[in-house]
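So the structure is just underneath, and the comments pick up after that.
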Amino acid sequence: MKRALVLGLLLLGGCAQSGNRFPSLLPRAIEVRDDAEPMAATPVIIADAALDAKIAEATLALEIIKTAFEAGVNRAETLVTSAQRQAAGTTAWLDAQSALADLDIVRADVSSAISDLDRLAIDRAAAGNAPYPALEAARADARTQYNDARTIIDMLAAQLAPA
């Protein structure tokens with residue numbers, strides 16, 4: 202019985218109110234402050250005549266490359282069509298492969314133009330300037346032209362017998 206009484210008193214002691222004051226559960230000052238970065242002002246794009254001239258030059262080069270590629274595609278399609286049922290290593294197959302290699306050379310010219318445009322964008326960013334919309338549009342167009350060329354070359358190559 203004494204044990205039950207001692208155990209009861211111990212348990213009752215856990216229910217007693219403490220003299221200590223517990224901290225409030227309300228948000229503290231540090232928890233309500235705003236740590237968000239302030240919105241950056243929209244940069245003003247200043248026209249750059251020298252950059253516009255370089256973009257125009259690259260765009261003209263891409264148009265010339267596109268014309269050469271289209272002429273090469275017409276030639277390659279003709280040669281691939283005649284070599285479709287030919288075994289690898291035949292004259293017709295070799296001619297078609299040669300035409301595809303010529304298309305790859307033209308596609309490499311597009312890649313070079315992309316590199317030139319990327320260099321302009323990198324130089325502009327290194328100088329701390331905002332992206333130039335005309336330059337970004339030219340880069341996007343060049344990448345599209347490159348991807349289209351790659352798709353056409355892959356499609357034509359798939360029609361030939363494997364080497």
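Residue 202 is where the sequence shown starts when you use this note's numbering, and the numbers rise one by one after that.
A virtual CB, placed ideally from N, CA and C, is assigned to each residue, including glycine.
Helix, strand or coil at residue i [DSSP, three-state]
i	result
Thr282	helix
Asp235	coil
Asn348	helix
Arg222	coil
Met370	As shown, the chain starts at 202 and ends at 364. That puts residue 370 outside it, with no answer to give.
Arg340	helix
Leu227	coil
Ala326	helix
Leu361	coil
Pro332	coil
7 Å Cβ shell around residue i - same chain, five flanking residues per side excluded
i	result
Leu301	Ala277, Ile354, Leu357 and Ala358
Ile256	Ala335, Leu336 and Ala339
Contacts around residue i, its chain only, beta-carbon distance under 6 Å, and the 5 residues preceding and following it disregarded
i	result
Ala293	Ser283, Ala284 and Gln287
Residue from the options with nearest C-alpha to residue i
i	options	result
Asp253	Asp305, Leu361, Asp349 and Ala338	Ala338
Glu258	Leu361, Arg340 and Asn348	Arg340
Gly290	Ala364, Ala251 and Ala230	Ala364
Gln374	Leu280, Arg320, Asp342 and Ser313	As shown, the chain starts at 202 and ends at 364. That puts residue 374 outside it, with no answer to give.
Asp317	Ala343, Ile306, Asp305 and Gly329	Ala343
Ala242	Leu336, Asp319, Asn275 and Ala331	Ala331
Ala251	Phe223, Ala237, Thr345 and Arg325	Arg325
Leu304	Lys267, Ile231 and Pro224	Lys267
Gly273	Lys255, Ile256, Ala297 and Asp235	Ala297
Ile247	Thr345, Ala362 and Gly329	Gly329
Thr345	Gly209, Leu321 and Glu264	Glu264
Ala362	Asp236, Leu295 and Asp310	Leu295
Cut-off 8 Å between Cβ atoms - residues of its own chain near residue i, not counting five sequence neighbours on either side
i	result
Asp249	Tyr333
Arg308	Phe270, Tyr347, Ala350, Arg351 and Ile354
Practice prompt. Run through the region 237 to 322 for me and flag every whole alpha helix (DSSP H) of 4 or more residues, listed as ranges in chain order.
Written response: Taking 4 residues as the minimum length, the alpha helix (DSSP H) runs contained wholly in the region 237 to 322 are 250 to 284, in order along the chain.
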